[in-house]
Amino acid sequence: MANITVPADYSKELKTEIAVDQVTYKVGGNKMAVLRDFSGGVCYVVDAKTNEAVFSGEATGPIFDPANKIEVYHFDFTPVNECGEYYIAASYGISYNFSVSVSPYRELTNAMVKALYFQRCGMALEEKYAGEYAHPECHNFPAYLLDDPDTVIEDVSGGWHDAGDYGKYITPANQTVFNMMYAYELFGDAVGDQLNIPESGNGLPDILNECKYELDWMLKMQAENGGVYHKVSTEQFAGNQLPHEDIVELQCISPITITATGGFAAAMAAAYRNYKKFYPEWSDKCLDAAKRALDYALANYKDHKEFKNVPPCVTGGYGDLCCLDEIYWGAAELFRATGDKKYEDIFREFHSMKFSKTAFGAYHQGGHGSLCYLLCDNADPELYSVVKAEVIADADKSLEIYENDGYNVCLAPPTETEEGDYYWGSNAALTNSLANMVTVAVVDKTDKYDEAIADSISYLMGRNYISKCYVTGFGSNPVMNPHHRPSMFDGVDAPVPGLIAGGPNDRKWQRPTCVKGVKQSEGIDWDAMPPAGCYIDWEWNWTANEITIYWNSSCFYITGYLNSKNK
């Protein structure tokens, strides 16, 4: 590769049409860029410090991308294995800078876990842990029950703000702690670094330290009858305020829901397993809470209705029509935690019901239950085989989507009959779809899906239609204006690092138009925009640019897996 020179007539204009993974190209790993609107010619890999070319080659294509209905080209530069900063030079311009490193997932994973610390509610974020994002304690107010206003609960403190707002919601919390505990359990020290949080150095891995901060709050949300309150928040969304400036006399607690309760049962049973060697008495409390929650859910699930806000509360809903998947997951976790066959019988009964047994997410938690069951030592062999086959079929379906996508990503394209996966939270739709690949990889000890998993993460790191790295603080073109109130109003130019934005959203009724009098989409022809282009890095664009705890956790669950493979 000596004496390679980029032709003098090649443009130096930065082109989003040349998409690269800005963060996670690995020494010894596959490396590919995706080019659109490309007319051919030799492509070059250029050292960003010296501006000297280190590799050249032809891009292959055209390759049809069904999601965006365009043709793209692939430029493979796998031989580039020197650590450093580079960019791609093509005849019509250059890409954003990207890095090649030995361990590209570790810092990224750490930052996405540490981002949850910045979401902590009820305590001061001190400068020695939070740096320039420090702020005083917040939201340590009593809360009244919306369906019984005379009842006030004095202490609902702790936990994390769920998203760009300051509400705390049980259903997304259930998925978040699942991802954290299973990431630690399955991938060990790949997600076990010290994160510089107040508990660092106490003998507990920091991912479990951070997770316990949420679990402690969740325990406060269980009623005496075993049911779990859906959420606690202020009555209205906060204004243009930092957390400690959002002051009220009383918060409000929404009624018990089965979706919150079933998932809570699962989360607490998992907590019992993961923490019993560290905090045995506390873990026993979690197991008791799990049993009481599942008992309540089983006694009441036939009366389940989708959650709707009770006036005057108007904060996030997280309504879910189906509660069967949460109970399915809860039964699996209690079977794994106790070995009691009665919980396997419940799992078997709910497995026979109609809902997805493979979906992961805040709303769809059947995949959580299936993974849990496949890790049980004493599972019924016949039922085990059925569940495993379902998970493999789902993973293979995602693999087929990946293999036919121009950007090599596991996001279903829109079709004449299906809307596709580019909806609100599409980046989490991606990582949740990868979760079943990870399940099969763990259970079968196979690397069949590893390339698809890594390539799909490359999409999040900038190898996408708009060349945007969707994680704050990472890449050469990162998200800078997430819908995240602390980042919006703290006076710091850069947002809190390690937050993953929701991503492109092509649903017409959710397309950004005008918010608070500001025309964020002026000059954009949304009808002509392909699905992966429906994104604006703008702070009030919550349908594409908000952050959430569970989107973060689904992403670091996947990067934790990839980090564990980096031996």
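Be aware that the sequence shown starts at 421, since it is given in the working numbering, and climbs by one per residue.
Where a beta carbon is used, it is the ideal one built from N, C-alpha and C, also for glycine.
Residue i and residue j closer than 8 Å at C-beta
{"i": "A686", "j": "W637", "result": "no"}
{"i": "A691", "j": "G787", "result": "no"}
{"i": "N972", "j": "M532", "result": "yes"}
{"i": "N517", "j": "E505", "result": "yes"}
{"i": "A603", "j": "V611", "result": "yes"}
{"i": "L831", "j": "L819", "result": "no"}
{"i": "I877", "j": "I967", "result": "no"}
{"i": "L744", "j": "L714", "result": "no"}
{"i": "N847", "j": "Y890", "result": "yes"}
{"i": "Y955", "j": "A964", "result": "yes"}
{"i": "P906", "j": "P618", "result": "no"}
{"i": "E838", "j": "P732", "result": "no"}
{"i": "T480", "j": "K451", "result": "no"}
{"i": "A550", "j": "L919", "result": "no"}
{"i": "S974", "j": "N852", "result": "yes"}
{"i": "T529", "j": "G980", "result": "yes"}
Residue i Cβ short of 7 Å to the ligand COA heavy atom set
{"i": "A751", "result": "Within the structure as shown, the ligand COA is missing, as the structure has no ligands at all."}
Selected residue, minimal CA-CA separation from residue i, among the options
{"i": "T470", "options": "E669, Y507 and V806", "result": "Y507"}
{"i": "A709", "options": "I747, Q642 and Q661", "result": "Q642"}
{"i": "P902", "options": "S846, M949 and E959", "result": "E959"}
{"i": "V522", "options": "I627, V443 and E574", "result": "V443"}
{"i": "S515", "options": "L434, K548, S459 and H559", "result": "L434"}
{"i": "V807", "options": "T859, T835 and H784", "result": "T859"}
{"i": "D678", "options": "H650, E669 and V572", "result": "According to the sequence as given, residue 678 is Ile; it is not Asp. Comparing Cα-Cα distances from I678 to each of H650, E669 and V572, the minimum goes to H650."}
{"i": "D814", "options": "N965, M857 and E655", "result": "M857"}
{"i": "V734", "options": "F657, K711 and V668", "result": "F657"}
{"i": "L624", "options": "H559, N694, H581 and I573", "result": "N694"}
{"i": "A952", "options": "Y843, F909, V576 and S459", "result": "Y843"}
{"i": "R456", "options": "K711, P917 and P950", "result": "P950"}
{"i": "V899", "options": "P675, A914, Y885 and F909", "result": "A914"}
{"i": "G895", "options": "G513, T758 and R883", "result": "R883"}
{"i": "L741", "options": "P732, A757, H724 and I747", "result": "H724"}
{"i": "N501", "options": "V520, D704 and I747", "result": "V520"}
{"i": "C672", "options": "I573, S703 and F684", "result": "I573"}
{"i": "Q539", "options": "Y525, D585 and L528", "result": "D585"}
{"i": "W702", "options": "K632, F727, V668 and Y716", "result": "K632"}
{"i": "A510", "options": "D957, K432, T778 and G980", "result": "K432"}
{"i": "E836", "options": "V466, G461 and P486", "result": "P486"}
{"i": "R927", "options": "F909, D947 and R526", "result": "D947"}
{"i": "E644", "options": "D945, N599 and Y716", "result": "Y716"}
Span separating the alpha-carbon of residue i from that of residue j
{"i": "V426", "j": "V474", "result": "10 Å"}
{"i": "A544", "j": "G621", "result": "19 Å"}
{"i": "E557", "j": "S653", "result": "16 Å"}
{"i": "V492", "j": "E437", "result": "9 Å"}
{"i": "G911", "j": "L791", "result": "43 Å"}
{"i": "G477", "j": "E605", "result": "42 Å"}
{"i": "G893", "j": "A921", "result": "12 Å"}
{"i": "A751", "j": "P700", "result": "22 Å"}
{"i": "S1005", "j": "C541", "result": "The chain is shown from 421 up to 987; residue 1005 falls before or after that span and cannot be answered."}
{"i": "G608", "j": "V916", "result": "26 Å"}
{"i": "N828", "j": "E871", "result": "10 Å"}
{"i": "D867", "j": "A861", "result": "6 Å"}
{"i": "N765", "j": "N983", "result": "Note that residue 765 is Asp in the sequence shown here, rather than Asn. The straight-line gap from Cα to Cα measures roughly 36 Å."}
{"i": "N729", "j": "S674", "result": "7 Å"}
{"i": "D613", "j": "I627", "result": "8 Å"}
{"i": "V863", "j": "E810", "result": "13 Å"}
{"i": "D841", "j": "Y879", "result": "14 Å"}
{"i": "D816", "j": "Y869", "result": "9 Å"}
{"i": "Y445", "j": "G737", "result": "38 Å"}
{"i": "K548", "j": "P482", "result": "52 Å"}
{"i": "N986", "j": "A874", "result": "11 Å"}
{"i": "Q661", "j": "F698", "result": "38 Å"}
{"i": "G759", "j": "D800", "result": "12 Å"}
{"i": "D704", "j": "K696", "result": "8 Å"}
{"i": "G683", "j": "K888", "result": "34 Å"}
{"i": "K761", "j": "E823", "result": "41 Å"}
{"i": "G845", "j": "G781", "result": "11 Å"}
Rounded distance between the beta-carbons of residue j and residue i, thought under 8 Å
{"i": "L670", "j": "P562", "result": "6 Å"}
{"i": "G647", "j": "T681", "result": "5 Å"}
{"i": "H784", "j": "S776", "result": "6 Å"}
{"i": "H559", "j": "D429", "result": "With 8 Å as the limit, H559 and D429 do not qualify as a contact, their Cβ atoms being about 59 Å apart."}
{"i": "A593", "j": "E634", "result": "6 Å"}
{"i": "G826", "j": "V454", "result": "7 Å"}
{"i": "E463", "j": "F495", "result": "At residue 463 the sequence reads Cys, which differs from the Glu that was named. The pair is a contact, with the Cβ atoms about 5 Å apart (cut-off 8 Å)."}
{"i": "R768", "j": "L803", "result": "6 Å"}
{"i": "C406", "j": "R756", "result": "Because the chain spans 421 through 987 in this model, residue 406 falls outside it and cannot be assessed."}
{"i": "L718", "j": "I747", "result": "7 Å"}
| message | To test your reading of the DSSP string, which unbroken alpha helix (DSSP H) runs of 4 or more residues are found completely within the stretch 584-645? | response | Within the stretch 584-645, complete alpha helix (DSSP H) segments of at least 4 residues are found at 590-607 and 626-640, given in chain order.
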